[in-house]
Each structure stands twice: as C-alpha cells, then as structure tokens.
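**Student:** Sharing a structure with you now.
Residue numbers (the working numbering): 7 to 355.
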C-alpha cells in the first residue's frame with residue numbers, strides 16, 4: 007500500500023519563494039524525493055540484491071547548490087533538451103535567436119531553463135503534478151507553452167515521468183528528465199554494464215552538434231546492443247569519444263512501433279546487483295557518462311568525481327529544428343505534446 011505523498015520545506019529562493027520537497031514511497035520501501043524547483047529529483051533510494059538500500063541519484067542535501075553550478079542534477083529540461091546549433095533556428099520563415107550557454111550553442115533551454123524555475127505543485131492521489139507556464143519570448147522561444155509533468159511511483163519500483171504541453175504559437179519542444187545515477191551508491195560508474203537498444207547513434211562535431219546523419223554503432227565503441235561495461239572502450243582513440251570527452255551522444259532507438267513504450271536501455275551494477283531500465287516512447291536517448299564531473303561538487307556526503315554518475319535522457323534528437331531529416335520537434339497550436347518515460351529499478355542475483 008502506498009504511503010501518501012509527503013510535503014516538507016526545502017529552503018527559500020532569493021526572491022523569498024518557498025521551495026518544497028515531496029516524498030514518494032511504495033510498499034517495497036523505494037523512496038523518491040522531488041523538489042518543485044526545476045522538478046528536480048534529489049534522492050532515489052532502492053535496495054541491492056541483499057535488500058540494503060542506497061541513494062542512487064546524484065544531488066545535494068540543500069537548496070543552495072542547485073542554485074549554483076549544478077550540472078542539471080535530477081532536473082526537468084525544457085523547452086528544448088540538448089543543443090541547438092548557434093542558438094538559432096528558422097520556423098515558418100522567421101529566424102529566432104536563443105541565448106548561447108554552451109560554447110557557441112544553446113543548451114537545455116538556456117538560463118534559466120525549466121531546470122531553474124519554480125513549478126506549481128499539487129498532489130493528486132499518488133501523483134505529484136507540476137505545472138509551468140513559459141511565456142511567449144522566454145529564452146527567445148515563440149509562443150506561450152503550458153507544460154505539465156506528472157511523477158508517480160508504482161509498486162513495481164517504476165518511477166513514471168509523464169509530460170504534457172500545449173502552445174498558442176508554433177515552437178520547438180523537447181522535454182526530458184536529467185537525473186544522474188550511480189547504482190552502486192558511490193564511486194565510479196565505469197564497471198556498470200549498459201545495454202542500449204540502438205543500431206545507430208547521432209555523430210557530432212567538436213562542438214557536440216550533429217552532422218545530420220545517423221552513424222551505425224557496429225564496429226564502434228558505441229555498440230551497446232549487448233551489455234558491456236561503460237568503461238570498456240571509453241578511453242579508445244575514437245574521434246566521437248574525443249568530441250564528447252567520453253559518451254555524450256544521442257542514440258537513435260530501434261522502434262518496432264511508432265511511439266510504443268519499450269525498454270530503451272538497461273544498466274546493471276555487478277557489485278550491488280541493482281538494475282535500472284529506461285522505458286520510453288521517445289525516439290532517442292542521450293547517454294552521458296559524467297565526463298565533466300571533476301570533484302568540484304559534493305552533496306549528500308559524497309564528492310562527485312570524474313564519471314561518478316551517468317545520465318539516460320529520453321528525448322528527441324539534438325538540434326532537430328535545424329535538421330530536417332530528424333523527427334519533428336515543432337509543436338503547433340491545437341496539437342498536444344505528450345510523452346512518458348519510466349525508470350524501473352530491480353535487482354539481479
């Protein structure tokens with residue numbers, strides 16, 4: 007039997023607004039904590055093969071570090087997850103300019119993106135419902151976008167993230183969830199074994215912008231069609247690995263049915279036996295191996311060193327507004343943006 011979702015104070019923003027933390031718990035004892043700033047998942051407690059719980063989400067104990075140089079730990083991302091080249095795109099004959107916050111490019115919706123805004127939160131039964139109205143022109147995007155995200159935790163240790171959005175003008179939309187995981191509860195993630203159901207990935211240039219074509223994984227360090235350790239080939243002399251500083255690439259998921267839910271990726275920590283499966287409707291997943299974590303951040307009793315966490319971000323492809331061959335990311339008035347992803351935790355002996 008689920009415990010009711012609990013709400014408690016988590017701190018105060020510089021403008022005086024109060025931030026709350028919401029705790030979701032199921033009968034198995036799995037616990038997820040989410041704050042209404044950025045819809046950030048701050049903690050995920052799951053058991054290992056011996057029933058010992060650990061927090062497998064990278065994050066902080068207090069609000070202040072999330073307001074500083076946080077690398078999107080646990081956050082909701084929007085309007086557009088990943089990069090848009092040069093911070094510009096053309097839509098219906100009009101060019102739009104976005105702020106550049108990642109070298110020459112626009113990343114994760116700009117500053118502040120959806121990761122740094124206060125969402126309106128309410129509890130509906132076993133769902134935490136977060137809403138945010140992004141006004142016309144915010145971060146350069148056209149149209150007022152009304153976004154809703156529903157978080158829920160079921161009895162099978164699945165954390166569901168359901169996105170819904172509508173707009174009054176055509177606009178790019180690519181929402182995602184940016185949690186970092188370490189299934190061991192600490193240390194390096196290089197021994198974690200990962201499988202990704204993708205025959206191709208999106209090759210990028212030195213600025214991490216797609217060339218526009220899919221690259222086959224066959225014969226490359228990006229072949230995770232069978233599970234292998236994250237660290238097995240990460241140090242190989244490969245141009246794509248050099249561009250990403252490791253894995254920081256979107257994988258084009260195999261799709262038996264358009265928009266069907268399917269297991270996109272599976273990660274196992276052999277030491278603890280903890281398993282994470284990403285189930286999604288999205289056409290891609292950005293796999294990031296924590297390349298830019300450098301030990302300068304710490305929280306919850308840990309220092310976040312190089313490759314101490316990985317991210318699996320279900321999403322459409324990077325730079326799609328400038329890449330006509332990629333799946334469409336333009337939402338128009340009268341249409342509904344709706345997609346769901348699930349993070350399912352289990353153990354293997």
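Virtual Cβ for every residue (Gly too), placed ideally from N, Cα, C. Here the structure is a predicted model, which means the values were calculated and not measured.
What is the rounded straight-line gap between the Cα of residue 192 and the Cα of residue 303?
**Tutor:** Residue 192 and residue 303: Cα-Cα distance of roughly 14 Å.
**Student:** Which word fits residue 89, buried or exposed, when buried means at least 16 other C-beta atoms lie within 10 angstroms of its C-beta?
**Tutor:** The residue in question, residue 89, is buried, as its Cβ has 16 or more Cβ neighbours within 10 Å.
**Student:** Apply the 10 Å Cβ neighbour rule to residue 163 and answer buried if 16 or more other Cβ atoms are within range, or exposed otherwise.
**Tutor:** So residue 163 counts as buried.
**Student:** Any idea which residues DSSP pairs residue 112 with across the strands?
**Tutor:** Bridge partners of residue 112: 90.
**Student:** Who are residue 306's beta bridge partners in DSSP?
**Tutor:** DSSP output for residue 306 lists no bridge partner at all.
**Student:** Suppose you measure from the CA of residue 319 to the CA of residue 257; what does that come to, to the nearest Å?
**Tutor:** Whole-angstrom Cα-Cα distance: 10 Å.
**Student:** Taking 8 Å as the threshold, find out whether the stretch 60-70 comes into contact with the stretch 33-49 through three or more Cβ pairs.
**Tutor:** Touching, yes.
**Student:** Any idea which residues DSSP pairs residue 171 with across the strands?
**Tutor:** According to DSSP, which records beta bridges pairwise, residue 171 is partnered with 153, 343.
**Student:** In this structure, how does DSSP classify residue 147 when only helix, strand and coil are distinguished?
**Tutor:** Reduced to three states, the DSSP call for residue 147 is coil.
**Student:** Would you decide whether residue 19 is buried or exposed? Buried here means 16 or more other CB atoms lie within 10 Å of its CB.
**Tutor:** By the 10 Å Cβ count, residue 19 comes out exposed.
**Student:** Under 6 Å Cβ to Cβ from residue 37, same chain only, skipping five residues before and after it: list those, please.
**Tutor:** Excluding residues within five positions, the ones whose Cβ falls inside 6 Å are 31, 51.
**Student:** Quick one: using the 10 Å Cβ neighbour count with 16 as the cut-off for buried, is residue 211 buried or exposed?
**Tutor:** Flag for residue 211 reads exposed.
**Student:** Three or more C-beta pairs under 8 Å: does that hold for the stretch 155-174 against the stretch 203-218?
**Tutor:** No, because fewer than three Cβ pairs between the stretch 155-174 and the stretch 203-218 fall closer than 8 Å, the two stretches do not touch.
**Student:** Work out the CA separation of residue 215 and residue 201 for me, nearest whole Å.
**Tutor:** If you take the alpha carbons of residue 201 and residue 215, they lie about 24 Å apart.
**Student:** Have a look at 291, 277, 190 and flag the residue whose alpha-carbon is nearest the alpha-carbon of residue 346.
**Tutor:** For the residues 291, 277, 190, the minimum Cα distance to residue 346 belongs to 291.
**Student:** Within the chosen definition, does the stretch 132-143 reach the stretch 307-327 through at least 3 CB pairs nearer than 8 Å?
**Tutor:** Touching, no.
**Student:** State the beta-bridge partners of residue 30 as determined by DSSP.
**Tutor:** For residue 30, which the question treats as bridged, DSSP gives the partners 38.
**Student:** With a Cβ-Cβ cutoff of 9 Å, do residue 55 and residue 190 count as a contact?
**Tutor:** Result no, Cβ atoms of residue 55 and residue 190 do not sit closer than 9 Å.
**Student:** Between which two residues does the beta strand (DSSP E) carrying residue 321 extend?
**Tutor:** Segment 316-321, the beta strand (DSSP E) holding residue 321.
**Student:** Skipping 5 residues on each side, what residues in its chain have a beta carbon closer than 8 Å to that of residue 266?
**Tutor:** Excluding sequence neighbours, residue 266 sits near 287.
**Student:** Do you know offhand how far residue 35's Cα is from residue 154's?
**Tutor:** So the two alpha carbons sit approximately 27 Å from each other.
**Student:** Would you please state the rounded distance, in angstroms, between the beta carbons of residue 78 and residue 184? I believe it to be under 8 Å.
**Tutor:** At roughly 4 Å, the Cβ-Cβ gap stays under 8 Å, so residue 78 and residue 184 are in contact.
**Student:** With H, G and I counted as helix, E and B as strand and the rest as coil, what does DSSP make of residue 220?
**Tutor:** DSSP places residue 220 in strand when its eight states are reduced to three.
**Student:** In this structure, how does DSSP classify residue 186 when only helix, strand and coil are distinguished?
**Tutor:** Strand, per DSSP.
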